[in-house]
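One structure is given here, and the rest of the page talks about it.
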Amino acid sequence: MLDAMSFHPTSERLGIIGFGAIGARLARFFASAEHGPRTSAILVRDRQLSNARAVAPEATVCTNFEEFLEASPSVVAECASANTLATLGPLLLKAGCDVVPLSLGAFADERHQLRLYDAAASGPGRLEIPAGALGSIGFLAGAREHELEKVTVTVAYPTKRWKSMGALRFIDLDQVLESTAFLEASAREVARLFPGHLNVVTGAALAGLGLDRTHVILVADPTIPQAWFQIDAISGSGPITIRVDGRNATVDEDPIDHTSFSVIRLLKRRCASVAI
1 MLDAMSFHPT SERLGIIGFG AIGARLARFF ASAEHGPRTS AILVRDRQLS NARAVAPEAT
61 VCTNFEEFLE ASPSVVAECA SANTLATLGP LLLKAGCDVV PLSLGAFADE RHQLRLYDAA
121 ASGPGRLEIP AGALGSIGFL AGAREHELEK VTVTVAYPTK RWKSMGALRF IDLDQVLEST
181 AFLEASAREV ARLFPGHLNV VTGAALAGLG LDRTHVILVA DPTIPQAWFQ IDAISGSGPI
241 TIRVDGRNAT VDEDPIDHTS FSVIRLLKRR CASVAI
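And the structure:
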């Protein structure tokens, strides 16, 4: 049976910024992967040095951005924070690195968004927005080419997770007994209200109508073990509905599988001779 993607020898050199759950998962995957880019550099905090070096012993593991750039990554996965993306993203693009950003909350600030877009336009590096937790944003990007009129993103989390994300400002979560919508706003406003969370909303907005024209509904549900996300859109080609459900796992377990593997797929696709 033929593989879904075929690969040729590649000179792609991967840089990873951040060594949290996603950054570490990417490093572990490509350390043993038969195909895909070779990890050339990982930018970490001091306390993460030994762990990162153990995972990727052949890579430059450092805490200094200049040393990271000296390893000459051709593509950089940003897995750190919105502030990191806003600060280092333009520098990476100017240095010729393609940037795969995961901290999409940086785009909620119009100044940061403009700075990143301007840097990408000037190049030589470019921004490649991953699908993240949605798994795919290609439908929205395609619909934008033909009369995309309306996009609504619904995000549901267990009430326990909303508590850790700061939703108590909007609703008494202890009183929520069933699925309850507690906030409706634009994607930009949601990204500002929940910094560091809900990157899925920003990704959908960037693919479709933009942060100010994308409508978001936030739902708290005490009966579900993991998040689910749904996109409803109207375009000239017809209605679109995309829904992604989380695994049946406890609330405290890692919920980021779709995000990690969407980035892995994007990075492997760059090295593919037959890309899907």
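Note that full-length UniProt numbering gives residue 204 to position 204 of the sequence shown, counting from 1, and the numbers run on in steps of one.
We treat Cβ as the ideally placed atom computed from N, Cα and C, and that holds for glycine.
In this text the structure is predicted, and so the values were computed from the model without any measurement.
Here the alpha carbon of residue 243 sits roughly 22 Å from the alpha carbon of residue 189.
For residue 170, the three-state secondary structure derived from DSSP is coil. Within the same chain, Cβ atoms closer than 7 Å to the Cβ of residue 25 are found at 260, the five residues on either side in sequence being excluded. Under the three-state reduction of DSSP output, residue 243 falls in the strand class. Annotated three-state conformation of residue 215 is strand, per DSSP.
DSSP places residue 121 within a helical segment (H, G or I) once states are collapsed to three. Comparing C-alpha distances from residue 11 to each of 32, 268, 275 shows the shortest one belongs to 268. Residue 175 counts as exposed, since fewer than 16 other beta carbons sit within 10 angstroms of its beta carbon. Residue 55 is a Cβ neighbour of residue 27, given a cutoff of 7 Å. The three-state reading of DSSP puts residue 130 in coil, since its state is none of H, G, I, E or B.
In this model, residue 157 and residue 179 are separated by some 9 Å (Cα to Cα). Around the C-beta of residue 90, 16 or more other C-beta atoms lie within 10 Å, and the residue is accordingly described as buried. In the DSSP assignment, residue 229 falls within the beta strand (DSSP E) that extends over 228-235.
As a beta-bridge residue in DSSP terms, residue 42 pairs with 16, 61. Between residue 207 and residue 121, the CB-CB gap reaches or exceeds 7 Å. The three-state secondary structure of residue 205, taken from DSSP, is helix. Between residue 30 and residue 52, the C-beta spacing is not below 7 Å.
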